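Chemist:
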Amino acid sequence: MKMWSGRVGRPLDPEFERWQRSFEFDRRLLREELAASRAHARSLKSAAILSSPELINILEGLDRIAKNAQASPSFLDDAEAEDIHHFVEKQLVALIGDTGYKLHSGRSRNEQIATDLRLYVRAAIDQLRSDVADCVGELLQRAEQGGNSAMPAYTHLQRAEPVVVAHWLLAYVEMFLRDADRLADCRKRANVCPLGSGAVAGATLPLDREAIADELGFESITANSIDATSDRDFVLEFVNALSILALHLSRWAEEMILFSSQEFGFIHLPEAYSTGSSAMPQKLNPDLLELTRVKSARIVGDATSLMVAMKGLPLAYNKDLQETQEPLFEAAETVMALIPLVAGWMKAVEFNFERMQQAAQSGFMNAWAAATYLAKRGVPFRLAHEVIGKAVQLCLDRNCELKDLSLEDLRQLNPAFDQDFYSCLELQSVLALHDVPGGTAPSRVRQALAQSKKRIELIREEAHAHA
Ligand code: ARG
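For reference, each letter of the sequence shown is one residue, going 1120 to 1586 in my numbering.
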């Protein structure tokens, strides 16, 4: 029986009937639907709509549905169910008879779907935060492995200054930790219970909304039934947070692809995550990275679909809202599948620290440090910059590095040069010069590593508390 069959006198056009259903995709909300239904059933008992035996009957029926679904995925093959709400009602009635129909007293699918989606988003956030923490853990291990070894940092993709390899990896750690924070922030607003909002104006029975929210682990209850049944901000926020996360992953992937090219040679691609070419026997391709890069396109597409779907909707529930589900599921499930793979890649990748270090030692990346040397000796920085620029010119003419210029050559450019200039050009001195919080001086990088480890621990503890 349809959930609305009294009103519609004739059967639906079969094509339309199939087309308007959401069961094909909202069947993944079974766990959430059952949890919300249990909480609602208990509140019906408190409101004296259900007797104790009826409540027990319904709860047992809901448990049986969960067990049947677990025992066989084909249990969910139902060509008639309109959506997950209809499916559960049908199954319940099949198991316990007409008492099953009592479960829908005082509630509407509008609040049910809003609740199921909030539970889904909350669970996805908890899973994702824990996975992001694991992935960041792998990044930190690679960072530690590098010790004090250096590499070029680029601006405009031109060699700019040397940095500790760990410092570079910690840049990604920052991005991913911000993503984890963003998800935690989004969780706060998602973790609010709409049940009791009815179809639009609030439940028609005196339901204890706080008790329902408590049972479902929600932090609080929604304040307005019209908003509660039509709000999908939590979906928008979540998928937008995911699109930023995916964008970070895409930037990371792009840089890894670049650094694994023969031209850079900083990275040995892990074979377990790469394929060869059917034509060119020598090839090893960065498939995981390329697919990571392109997956971000889907997520951004999902975020855009959601924004556009919502922007013209009058209050309150409209069937358009059904279409917010698929972009949500696609974004969540794509990123959830991706992060453990990225972590696996991270664990397997090998850096060519020697080559990175070599690259950090040529190309005048000590020029700013050289100008700073002069500035410390009283030469105004703008002039010091000019002097070192000229020294670089000289080196280019002679095909050498700054350290190869004689003191005489240098003094012709400016008398402030002295013998100790040469030690300030050395890689370790250049790194150590950037001795500010957030800078690449090795001692600062060690501190930053320790800080990041603590932040991951906090995320893990929180994930544990939510599990
Ligand atoms: N399948 C619907 C959705 O996802 C459930 C809510 C249906 N409500 C309604 N009034 N038809 O939005």
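Don't be surprised by glycine CBs; every beta carbon is placed ideally from N, CA and C. A quick note: this is a predicted structure, and the numbers were derived from the prediction, not measured.
Shortest alpha-carbon distance to Leu1523 belongs to which of Gly1482, Pro1405, Leu1238 and Thr1323?
Modeler: In the sequence as displayed, the identity of residue 1523 is Asp instead of Leu. For Asp1523, the nearest C-alpha among the options comes from Gly1482.
Chemist: For Ala1269, list the residues DSSP reports as bridge partners.
Modeler: Val1283
Chemist: For Leu1460 and His1504, what's the separation of their Cα atoms in angstroms?
Modeler: 46 Å
Chemist: For Val1358, does the three-state DSSP call read helix, strand or coil?
Modeler: helix
Chemist: Quick one, are the C-beta atoms of Leu1181 and Leu1149 less than 8 Å apart?
Modeler: no
Chemist: Using only CA atoms, which one of Pro1400, Glu1338 and Pro1446 lies nearest to Ser1355?
Modeler: A small correction: the amino acid at residue 1355 is Leu; Ser does not occupy that position in the sequence shown. Of the candidates Pro1400, Glu1338 and Pro1446, the one whose C-alpha sits nearest the C-alpha of Leu1355 is Pro1446.
Chemist: Say yes only if the C-beta of Asp1346 is nearer than 7 Å to one or more non-hydrogen atoms of ligand 1, and no if none qualify.
Modeler: no
Chemist: Here's a check: name, in chain order, each residue in its chain whose Cβ is nearer than 7 Å to the Cβ of Tyr1492, leaving out the five neighbours to either side.
Modeler: Phe1540 and Cys1543
Chemist: The alpha helix (DSSP H) that contains Pro1433, what's its start and end?
Modeler: Secondary structure note for Pro1433: it is in no alpha helix (DSSP H), with a DSSP letter that is neither H nor E.
Chemist: When the cut-off is 8 Å and only beta carbons count, does Ser1548 lie next to chain C?
Modeler: No chain C appears in this structure, which consists of one protein chain only.
Chemist: Let me check you understand the geometry: is the CB of Asn1229 closer than 7 Å to at least one non-hydrogen atom of ligand 1?
Modeler: yes
Chemist: Give me the Cα-Cα distance between Met1484 and Gly1558, rounded to the nearest whole angstrom.
Modeler: When rounded, the distance between both Cα atoms is 16 Å.
Chemist: Label Ile1175 either buried or exposed according to how many other C-beta atoms from any shown protein chain fall within 10 Å of its C-beta, with 16 as the threshold for buried.
Modeler: Counting Cβ neighbours within 10 Å, Ile1175 comes out exposed, since fewer than 16 surround it.
Chemist: Can Asp1145 be considered in contact with ligand 1, in the sense that its beta carbon sits closer than 7 Å to one or more heavy atoms?
Modeler: Checking every heavy atom of ligand 1 against the Cβ of Asp1145, one is found closer than 7 Å.
Chemist: So, with DSSP's three-state summary, where would you put Ser1162?
Modeler: It is helical.
Chemist: So, is Val1454 buried or exposed, given that buried needs 16 or more other C-beta atoms within 10 angstroms?
Modeler: With a threshold of 16 other beta carbon atoms within 10 Å, Val1454 meets it and is buried.
Chemist: Given a cut-off of 8 Å, decide if Val1549 and Pro1281 are closer than it, judged by their beta-carbon atoms.
Modeler: yes
Chemist: Inspect the beta-carbon positions of Phe1144 and Phe1448 and report whether they are closer than 8 Å.
Modeler: yes
Chemist: With hydrogens ignored, establish whether the beta-carbon of Leu1440 is closer than 7 Å to any heavy atom of ligand 1.
Modeler: yes
Chemist: Taking 6 Å as the limit between beta carbons, can you name the residues of its chain near Leu1361, skipping five residues before and five after?
Modeler: Ile1418, Ala1450 and Val1454
Chemist: Rounding to the nearest angstrom, what Cα-Cα distance links Glu1151 and Met1122 in this structure?
Modeler: 19 Å
Chemist: Which of the three DSSP states, helix, strand or coil, is assigned to Phe1383?
Modeler: coil
Chemist: If you drop the 5 nearest sequence neighbours on each side, which residues of the same chain put their C-beta closer than 7 Å to that of Leu1408?
Modeler: Ala1372, Met1375 and Ile1376
Chemist: Kindly examine ligand 1 and report whether one of its heavy atoms sits closer than 7 Å to the Cβ of Tyr1291.
Modeler: No, Cβ of Tyr1291 sits at least 7 Å from all heavy atoms of ligand 1.
Chemist: Please tell me whether Thr1411 and Ser1369 are closer than 8 Å, where the distance is taken between their beta carbons.
Modeler: yes
Chemist: Which of the three DSSP states is assigned to Val1564 in this structure?
Modeler: helix
Chemist: Tell me which same chain residues have a C-beta within less than 7 Å of the C-beta of Leu1178, skipping the five on either side of it?
Modeler: Arg1157 and Ala1160
Chemist: Distance check for Ser1268 and Val1207, CA to CA, integer angstroms please.
Modeler: 59 Å
Chemist: So, helix, strand or coil for Glu1143, using DSSP?
Modeler: helix
Chemist: In three-state terms, what does DSSP make of Ile1232?
Modeler: helix
Chemist: Using C-beta distances below 6 Å, list every residue in its chain close to Leu1552, excluding the 5 sequence neighbours before and after it, in chain order.
Modeler: So the qualifying residues of the chain are Ala1488.
Chemist: Could you please give me the residues that DSSP links to Asn1404 through a beta bridge?
Modeler: Asn1404 is bridged by DSSP to Thr1394.
Chemist: What is the DSSP secondary structure of Ile1244, counted as helix, strand or coil?
Modeler: Here Ile1244 sits in helix by DSSP.
Chemist: Val1311 by DSSP, collapsed to three states: which one?
Modeler: strand
Chemist: When you compare only the Cα positions, how much space is there between His1367 and Gly1317?
Modeler: 40 Å
Chemist: CB of Ser1424 to nearest heavy atom of ligand 1: below 7 Å?
Modeler: Result no, Cβ not under 7 Å from ligand 1.
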